[in-house]
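Numbering (the UniProt record's numbering), first residue to last: 1 to 95.
Ideal Cβ positions, reconstructed from N, Cα and C, are used throughout, including at glycine.
Remarks on the structure that follows.
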Amino acid sequence: MIVNKQKKVPMRKCVATGEMKPKKELVRIVRSKEGVVSIDPTGKKSGRGAYLSKDKEAILLAKKKNILANHLQTTIDETIYDELLELIEKEKRLS
């Protein structure tokens with residue numbers, strides 16, 4: 001007897017829009033114990049993480065309302081937002 005088990009899709013909440021999406025559709029931003037904030041494309045870095053939709057509007061909203069800084073309890077460098085926007089642009093071109 002073969003049981004066709006559907007793989008469970010891990011869901012995460014976008015900190016900017018508040019919507020639940022499959023983890024693959026979000027990008028993780030992580031703050032290490034040392035306080036270093038970086039983009040975590042693998043989703044496996046240790047530290048406090050926050051998920052953002054791979055969507056220009058969500059990233060700009062997070063920047064405008066300082067959502068990431070509040071969520072990760074640290075200041076977020078402008079370059080992080082630039083990297084995020086670059087990342088989603090690259091992915092759009094590839095798909």
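Report yes if the CB atom of residue i is closer than 8 Å to the CB atom of residue j, and no otherwise.
{"i": "Ala58", "j": "Leu72", "result": "no"}
{"i": "Val30", "j": "Gly18", "result": "no"}
{"i": "residue 179", "j": "Val15", "result": "In the structure as shown, the chain starts at 1 and stops at 95, and residue 179 therefore has no counterpart that could be examined."}
In terms of alpha-carbon separation, which member of the options lies closest to residue i?
{"i": "Asp40", "options": "Gly18, Lys90, Ile80, Lys92", "result": "Ile80"}
{"i": "Gly35", "options": "Lys65, Asp77, Lys8", "result": "Asp77"}
Report buried or exposed for residue i, applying the criterion of at least 16 other Cβ atoms within 10 angstroms of its Cβ.
{"i": "Val37", "result": "buried"}
{"i": "Lys63", "result": "buried"}
{"i": "Ser53", "result": "buried"}
{"i": "Arg12", "result": "buried"}
{"i": "Leu94", "result": "exposed"}
Give the straight-line distance between the Cα atoms of residue i and residue j, rounded to the nearest whole angstrom.
{"i": "Val27", "j": "Thr74", "result": "18 Å"}
{"i": "Leu61", "j": "Lys23", "result": "19 Å"}
{"i": "Asp55", "j": "Ile88", "result": "7 Å"}
{"i": "Glu25", "j": "Leu85", "result": "14 Å"}
{"i": "Lys33", "j": "Met20", "result": "27 Å"}
{"i": "Arg43", "j": "Lys65", "result": "Before going further, note that residue 43 is Gly rather than Arg in the sequence given. About 24 Å."}
In terms of residues, what are the limits of the alpha helix (DSSP H) holding residue i?
{"i": "Ile39", "result": "Taken as a continuous stretch (DSSP letters only), Ile39 belongs to no alpha helix (DSSP H), being part of the beta strand (DSSP E) at 37 to 40."}
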